[in-house]
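Add 1 to a position in the sequence shown, counting from 1, and you land on the number used in this note's numbering. Here's the structure, in structure tokens; my notes come after.
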Amino acid sequence: MDRLKPLFPEIPTDRWDLLARMAALHREWNARVNLVSRKDIDHLEWHHYAPCLAAVKFLRLAEGATLIDVGTGGGFPGLVLAALYPQARFTLADSVGKKITVVADIVKKLGLRNAEVKNVRVETLARQYDFVTGRAVTSLPGFVQLVRKLVRPVPVRDATANTGPDTPANGILYWKGGSLADEEAALGLAPARVLSLEETLGDPYFHEKYIVHYPQPDLARARPPAPAPV
2 MDRLKPLFPE
12 IPTDRWDLLA
22 RMAALHREWN
32 ARVNLVSRKD
42 IDHLEWHHYA
52 PCLAAVKFLR
62 LAEGATLIDV
72 GTGGGFPGLV
82 LAALYPQARF
92 TLADSVGKKI
102 TVVADIVKKL
112 GLRNAEVKNV
122 RVETLARQYD
132 FVTGRAVTSL
142 PGFVQLVRKL
152 VRPVPVRDAT
162 ANTGPDTPAN
172 GILYWKGGSL
182 ADEEAALGLA
192 PARVLSLEET
202 LGDPYFHEKY
212 IVHYPQPDLA
222 RARPPAPAPV
């Protein structure tokens, strides 16, 4: 974690200790379950933790704010965010049972009381949350179409009631790679906020990798994804 600490002075010391323990558990599990590629495990903190940590540059969460991480996989970004924001409540959801088993074990061993784990398909969920997060789950239009019903609407006057000043209002936070312009055009909707991971982390490895935010009121205007060719 030493490479990351100077980039994120916002993160308290006790959170870094928790993240280091989390990374050790990820490595232990990755020897048995392929959470990240075998060659990428040597770069676990930089390639997988760092993009998740970048959210602290703009995301403030109030006590009791709710988030669901859809397609959480090995827990990126949801598990990392749960460690960063103990005041918020996280649901980590994935349809792949073996990955959820890993995430549940890490949650238990770290004592993350603000995180629950669900082995479920997102289409079956009915509850709504302040934020829906995801990282490279599917195309941006596909993800928005899949999860927009899960975002809790709030009156305009309360748009930051579960977050804080100068932070995104309820909506979707998506970690994506590739051409943002192409997927914006396909979605028919520009994000309210874009965080460039290349600029934030100062590494061309993260070229064309972003965190994008779509507020809940905008989601109804999103185009559905184009049908797959037959």
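Backbone N, C-alpha and C fix where the C-beta goes; we use that ideal spot for every residue, glycine too.
Nearest by alpha-carbon distance to residue i: which of the options is it?
i: R28; options: D18, I107, T134, G112; result: I107
i: G189; options: V57, L80, L141; result: L141
i: R149; options: A137, D131, G112; result: D131
i: M23; options: K40, G79, F59, P216; result: G79
i: G65; options: E185, L26, P228, A83; result: A83
i: R209; options: P226, S180, Y215; result: It is Glu, not Arg, that sits at residue 209 in the sequence shown. That would be S180, whose Cα lies nearest to the Cα of E209.
i: I133; options: L5, K40, R90; result: In the sequence under discussion, the amino acid at residue 133 is Val, which differs from the Ile named in the question. Cα-wise, what sits closest to V133 is R90.
i: V145; options: H214, K40, H49; result: H214
i: D41; options: A182, S96, Y206; result: Y206
i: A55; options: L147, R39, R224, F77; result: F77
i: V195; options: A187, I212, D183; result: I212
i: A51; options: K6, T67, R61; result: K6
i: G98; options: R122, Q129, Y86; result: R122
i: L85; options: F9, A182, E124, G143; result: F9
i: A186; options: L60, L198, T125, R224; result: R224
i: E184; options: P226, K110, H48; result: P226
i: M2; options: T139, S197, V81; result: V81
i: A127; options: L113, A137, V152; result: V152
i: D43; options: L60, A25, A193; result: A25
i: T67; options: L113, C53, T92, R39; result: T92
i: H233; options: A191, A137, A182, V155; result: The structure shown has nothing for residue 233, since the chain only spans 2 to 231.
i: S197; options: I12, P13, F59; result: F59
Please report the residue range of the beta strand (DSSP E) in which residue i lies.
i: E117; result: 116-120
i: V123; result: Note, V123: premise wrong, no beta strand (DSSP E); not H, not E.
State the start and end residues of the unbroken alpha helix (DSSP H) segment that holds residue i.
i: H208; result: Run containing H208: none; DSSP gives neither H nor E here.
i: P226; result: First-last for P226: undefined, no H or E at that position.
i: D183; result: 181-188
i: P52; result: 51-54
i: L20; result: 14-31
Provide the residue(s) that pair with residue i in DSSP beta bridges, ordered along the chain.
i: T134; result: D70, L174
i: V195; result: V213
i: V152; result: Y130
Stretch pair the region 33-46 + the region 114-133: three plus CB contacts closer than 8 Å: No, they do not touch.
Alpha helix (DSSP H) runs wholly inside the region 71-106, at least 4 long, in chain order: 79-85
Meets three-Cβ-pair contact criterion under 8 Å: the region 167-178 and the region 17-28: no
Meets three-Cβ-pair contact criterion under 8 Å: the region 217-230 and the region 64-84: no
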